[in-house]
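Trainee: Here the sequence shown is numbered in our numbering, starting from 1088 and rising by one per residue.
Take this structure first; my questions come after.
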Amino acid sequence: MVEGTKTIPGASGTNGGNSGYAPGTNPVVNVPQPPPPTKPFDNRCVSWASYLECLYEVSDDAEDEEAAEEIPEITLTDLASFAPTPGVLAGEPDNLGVAGLPTNFVTTASVHTRAGTLFGSPLEVRFTPATYTFHYGDGESTASDTGGRTWDDLHQAQFTPTDTSHTYAERGTYDARVDIAYTAEINLGPGWYPVTGQLDIPGAAQSIRIYEAHTALVAHTCTEQPTAPGC
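Shown next as structure tokens:
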């Protein structure tokens, strides 16, 4: 074990000089350290102007910085060419239903990213589904934060109500659809920046046929009497 002491220049007992300090060595002192470097994209990048500043920081090319300065603030309208495909609606069972009983509706949508060029600069656009609006074709609609779930997934019997089901009052054919609203984020290089608002994507029409069902009291089941009317 090595024991000893080291005298710091200028400390008490050193006569204010170099006593105990050998030239060319580094004395051990508590020097305040500078803060760590700011990440290219952090909490400062909350506005379009500060986002561009972050973009300058990750660019080592003066031409790239000059091009970034010319990029106008990007809006949802500018991202129309990157828009997700319309949602596909499915009615259970098999796009058929019975008047007076619930028809279940489901759709699927997920977070996805598209790449391309906008205003002469490469970028990525990330879309996240936010709300689903189910239009049932009879003037009624409902909004949901999910795309619905099938009866099997819910462990429910057919023709039981769900959060996205609808009961038609009359038989007929109805053009139903689901509109999906997405939030959008863009990435020009330093990280993801949220774009204000939501992008509404109207869904394609899906024909739903609704029938009437009639019941009658019978003396025997079809198993007991297979030739009975209705069997």
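Think of the CB as a built atom: it goes at the ideal place given N, C-alpha and C, for glycine as much as any other residue.
On a predicted model such as this, the values are computed, not experimentally measured, just so you know.
1) Could you spell out the range, first to last residue, of the beta strand (DSSP E) harbouring Asp-1266?
2) So, at 7 angstroms on beta carbons, what are the nonlocal neighbours of Pro-1110 in its own chain, with the 5 sequence-adjacent residues on each side left out?
3) Can you tell me whether Thr-1247 is helix, strand or coil according to DSSP?
4) Where in the region 1162 to 1201 do unbroken runs of the beta strand (DSSP E), each at least 3 residues long, occur, reported from the N-terminal end onward?
5) So the beta strand (DSSP E) Asp-1287 belongs to, where does it begin and stop?
6) Strictly by DSSP, which residues pair up with Leu-1241?
7) Along the beta strand (DSSP E) that carries Arg-1213, what are the first and last residues, could you check?
8) Is it buried or exposed, Ser-1252, if we count other Cβ atoms within 10 angstroms and call 16 or more buried?
9) Per the DSSP calculation, Arg-1296 is bridged to which residue(s)?
10) So the candidates are Ala-1202, Ala-1177, Val-1198, Arg-1201; which of them puts its Cα closest to the Cα of Thr-1190?
11) Starting from His-1253, follow its DSSP beta bridges and name the residues at the other end.
12) Three Cβ pairs or more, each shorter than 8 angstroms: is that satisfied between the region 1255 to 1275 and the region 1283 to 1293?
Mentor: Let's see:
1) Where Asp-1266 is concerned, the enclosing beta strand (DSSP E) stretches over 1259 to 1274.
2) Confidence in Pro-1110 is poor, its pLDDT being 46 and thus under 50, which makes the residue's placement too unreliable to answer from.
3) Thr-1247 carries a coil assignment under DSSP once its states are collapsed to helix, strand and coil.
4) The qualifying runs are 1177 to 1179, 1183 to 1185, 1189 to 1193.
5) Looking at the DSSP string, the run of the beta strand (DSSP E) that includes Asp-1287 is 1279 to 1288.
6) According to DSSP, Leu-1241 bridges with nothing at all.
7) It spans 1208 to 1222 - the beta strand (DSSP E) in which Arg-1213 sits, taken as one unbroken run.
8) By the neighbour-count criterion, in which 16 or more other beta carbons inside 10 Å mark a residue as buried, Ser-1252 falls on the buried side.
9) Under DSSP, Arg-1296 forms a beta bridge with Leu-1183, Thr-1260.
10) For the set Ala-1202, Ala-1177, Val-1198, Arg-1201, the Cα lying nearest the Cα of Thr-1190 is the one of Ala-1177.
11) DSSP lists Thr-1190 as partners of His-1253.
12) Judged by Cβ distances under 8 angstroms, the region 1255 to 1275 makes contact with the region 1283 to 1293, as three or more pairs qualify.
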